[in-house]
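Data first, discussion second: the structure below is written as structure tokens.
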Amino acid sequence: MDNAAVANLYVDMHIHTNCSDGTFTPQEAVKYASKVKLAAISITDHDCVDGINEAQEIASKTVLEVVPGIELSSEVIFDSQKSEMHILGYYIDYKSEKLKKALAVFKKARYERAVEMLEKLKKSGAELKDPSFLKKIEDKIIGRLHFAKALVEEKLVGSVNEAFQRYLSKDKPAYVSKYSISAHDAIKLILNAGGIPVMAHPYYIHYNDENMFKSFIKDGLMGIEAWHIKHSENTVKKFLNLAEKFNLIATGGSDCHGPYKKELPVMGRMRVSYSVVENLKRTKEKMIRSQRTNS
């Protein structure tokens, strides 16, 4: 595709569905992406690949590309500082049995966490009783946002923010820490699934100097999410410069979790060029060639 054509195409490489903590179904995500005239999206659910196949099947009837992706929960410790870190994986083999086995551990841990949060809410006087929500705990990967929305729906709080402030934030009565693996292991898991590991929303990491990036590049990190809905213009420039300095792929996305109440989805608000997808494709092709050479 020539440069002029690419310049007029936009993508969103960070989208969640209701297979993790989003509100869009995979089908709805594809339809909305088409509505806002995106050329490509990536379904990057938390620790889960369940929505990819459906999204790709729906998109196959349109001109929209759906890049198989994931967002793994992980953590990092530098200079005795512990930070949550999410690692995005693009062009993963989401049907890989090894990957499915690893993700089953995440799913089991999420279920156990949800049950514990449910019990803590009950003890705090905010018992959730809706059978459909209780069924979700068994069937899907449930996170704090799901709980917050359920609390609003059952009129136990007035808003999602109130749910977090009263019950779900760290040090609040119903908070339960999330299962995660080391960032090193997250990168390794994505690489073993044939994917391209990218550091998600680096602005949120409490400790993100250049030594940290060097360490993860040694582990196999290949990209950084420079464009994000919460990144300021200066923050975007900072991470674009880091990407150039360390020869990392710069990616971007809205981190869309779908609509809720009267809030419009943020999907597509980031003007991320289709060149990001082309860079990821070139990298994936190099990985495949290298694998063939070494096999």
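Read in numbering that gives the first Met the number 0, the sequence shown has 204 at position 205, and its numbers run on one by one without any break. All C-beta atoms in this analysis are idealised placements derived from N, C-alpha and C, irrespective of residue type, glycine included.
- Per DSSP, residue 170 lies in no alpha helix (DSSP H) segment and is marked neither H nor E.
- Per DSSP, residue 85 lies in no alpha helix (DSSP H) segment; the continuous beta strand (DSSP E) that holds it begins and ends at 80–89.
- Residue 13: member of the beta strand (DSSP E) spanning 9–14, first to last residue.
- C-alpha of residue 140 to C-alpha of residue 201: approximately 24 Å in a straight line.
- C-alpha of residue 282 to C-alpha of residue 221: approximately 9 Å in a straight line.
- Per DSSP, reduced to three states, the secondary structure at residue 292 is helical.
- Below 8 Å, too few C-beta pairs join the stretch 45–65 and the stretch 161–173 to call them touching: fewer than three.
- DSSP places residue 130 in the helix class (H, G or I) of the three-state scheme.
- Restricting attention to alpha helix (DSSP H) runs no shorter than 4 residues, the stretch 158–225 encloses them at 159–162, 182–191, 209–218, ordered along the chain.
- From the listed residues 54, 285, 266, the smallest Cα separation to residue 12 is found for 266.
- Where residue 146 is concerned, the enclosing alpha helix (DSSP H) starts and stops at 143–152.
- When the beta-carbon positions are compared, residue 241 and residue 215 stay at least 8 Å from each other.
- Comparing alpha-carbon positions, the option among 30, 20, 193, 39 lying closest to residue 47 turns out to be 20.
- Residue 197 is classed as buried because its beta carbon has at least 16 other beta carbons within 10 Å across all chains shown.
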